[in-house]
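Residue 1 is where the sequence shown starts when you use my numbering, and the numbers rise one by one after that.
Idealized CB from N, CA, C, for every residue including glycine.
For clarity, every value in this text was computed on a predicted model and none was experimentally measured.
Working notes, beginning with the structure itself.
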Amino acid sequence: MRAVQITRFGGPEVMDIVDLPDPVPGPGQQLYKVSAAGVNFADTHQTEDSYLAPQQLPLIPGAEFVGTPAGGGDRVVGLLDGGGYAQRVAANTRLTWPVPEGVSDEQALALVLQGTTAWHLLKTSSHMAQGESVVVIAGAGGVGSLAVQLAKHWGAGRVIATASSAEKRALAEELGAHATVDPALAEDDPKTFTAALREANGGKRVDIVLEMTGGNVFDGSLSALAPFGRLVAYGMAGRAAPAQVVVPALMGTSRAVIGFWLAHCMTRPQMMDDAMTDLLQLTASGVLKPVVGGRYPLTAVREAHQDLLARRTTGKLVLDPAR
Numbered sequence: 001m002r003a004v005q006i007t008r009f010g011g012p013e014v015m016d017i018v019d020l021p022d023p024v025p026g027p028g029q030q031l032y033k034v035s036a037a038g039v040n041f042a043d044t045h046q047t048e049d050s051y052l053a054p055q056q057l058p059l060i061p062g063a064e065f066v067g068t069p070a071g072g073g074d075r076v077v078g079l080l081d082g083g084g085y086a087q088r089v090a091a092n093t094r095l096t097w098p099v100p101e102g103v104s105d106e107q108a109l110a111l112v113l114q115g116t117t118a119w120h121l122l123k124t125s126s127h128m129a130q131g132e133s134v135v136v137i138a139g140a141g142g143v144g145s146l147a148v149q150l151a152k153h154w155g156a157g158r159v160i161a162t163a164s165s166a167e168k169r170a171l172a173e174e175l176g177a178h179a180t181v182d183p184a185l186a187e188d189d190p191k192t193f194t195a196a197l198r199e200a201n202g203g204k205r206v207d208i209v210l211e212m213t214g215g216n217v218f219d220g221s222l223s224a225l226a227p228f229g230r231l232v233a234y235g236m237a238g239r240a241a242p243a244q245v246v247v248p249a250l251m252g253t254s255r256a257v258i259g260f261w262l263a264h265c266m267t268r269p270q271m272m273d274d275a276m277t278d279l280l281q282l283t284a285s286g287v288l289k290p291v292v293g294g295r296y297p298l299t300a301v302r303e304a305h306q307d308l309l310a311r312r313t314t315g316k317l318v319l320d321p322a323r
């Protein structure tokens, strides 16, 4: 099979197209023929070995796929612990879900990792209640574009999205954001960003922030929280130094900082089932509209990562292993 392999850590240049034997399914696994593989920002950390889980070389990146059983059968979308950038994958059948008619490969891939992350950020980690204000950092991205829609659908009083360009801010508003903020305001002083978030919320502090950048964006977001507000940190896209959270400051303001990593949900398959069942139904009915980004040939995987790192993309990026 053709696959993307990494034998050294670094940027997009370390990904090579190679021919490898098909993976051999282990206990509880099945071999699938891949029709599309998802690309996530976490994959760029994987190539650098800069994410939460240490990586072992050589490796095939990629954590999600859409495909059919190698011996024939219905289309499924599934999660992997690696190996997705390939023409064949061995997947745990407990972490695959049938794709309904009318839901495209790209839409299904947008749901399986990014969608479940957005679902659990709001339902499980922040426990969003109706009427609360929600700030979605990177509201035009894969997770953010879905979180904006879900927060609006579940009755958030006000949804505020950040996005780095006028086009992305317009997209976030089309998806349901009541207001948008340019995260560049945080570059010089997080206080400026805090003020912008409060202004976007009618002058009031905010209840929930879904944060995946770090650095000044994290600091400015934390300062914008109201008493009993919650900041959920689920990424570090800015590659900034880890934020320092001071316990007395949390106590004195009754704020909470919560970490989230989807890998822990994957060890509890029912948590994934709950999210995927809901997300697939919402998408099939047209209530949820995953934003589809670029579809790249497998041979253009470096370009896909370059575009992602340069913030040139919106929505879900996928690889086509047939090309």
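Open item on the list: Whole angstroms are fine: how far does the CA of G115 sit from the CA of E173?
Closed with: About 19 Å.
Open item on the list: Buried or exposed for E132, going by 16 or more other Cβ atoms inside 10 Å?
Closed with: Looking at its Cβ environment, which holds 16 or more other Cβ atoms inside 10 Å, E132 is buried.
Open item on the list: Helix, strand or coil, according to DSSP, for K289 in the structure here?
Closed with: coil
Open item on the list: I'd like to know whether the C-beta atoms of Q149 and L175 end up nearer to each other than 7 Å.
Closed with: Judged by their CB atoms, Q149 and L175 are nearer to each other than the 7 Å cut-off.
Open item on the list: Measuring alpha carbon to alpha carbon, tell me which residue in V103, Y32, L308 and D182 is nearest Q87.
Closed with: Among V103, Y32, L308 and D182, the Cα nearest to that of Q87 is on Y32.
- [ ] Measuring alpha carbon to alpha carbon, tell me which of A108, Q281 and L197 ends up nearest V209.
- [x] If we check each option's Cα against that of V209, L197 comes out closest.
- [ ] Determine the extent of the alpha helix (DSSP H) in which D273 is found, giving its start and end residues.
- [x] P269 to A284
- [ ] Tell me P98's beta-bridge partners as DSSP assigns them.
- [x] V76
- [ ] Mark F65 as exposed unless 16 or more other C-beta atoms lie within 10 angstroms of its C-beta, in which case mark it buried.
- [x] Burial is judged here by how many other beta carbons sit within 10 angstroms of a residue's own beta carbon; F65 has at least 16 and is buried.
TODO: Taking all protein chains shown into account, decide if D219 is buried (16 or more other Cβ within 10 angstroms of its Cβ) or exposed.
DONE: buried
Task: Coarse secondary structure for Q204, derived from DSSP in three states - done: A small fix is needed here, since residue 204 is Lys in this sequence, not Gln. In the structure shown, K204 sits in coil (DSSP, three-state: anything other than H, G, I, E or B).
TODO: Reducing DSSP to helix, strand and coil, say where F41 ends up.
DONE: helix
Open item on the list: Tell me the rounded alpha-carbon separation between W97 and P269.
Closed with: If you take the alpha carbons of W97 and P269, they lie about 11 Å apart.
Task: Residue of A237, T253, G215 and G203 minimising C-alpha distance to P335 - done: Beyond the ends of the chain as shown, which are 1 and 323, falls residue 335; an answer cannot be given.
- [ ] Answer yes if the stretch 274 to 294 comes into contact with the stretch 45 to 55, meaning at least three C-beta pairs across the two stretches below 8 Å, and no otherwise.
- [x] no
Task: Inside the stretch 237 to 261 only - beta strand (DSSP E) runs reaching at least 3 residues - done: 256 to 259
Task: Residue environment, E106, which counts as buried when at least 16 other CB atoms sit within 10 Å - done: buried
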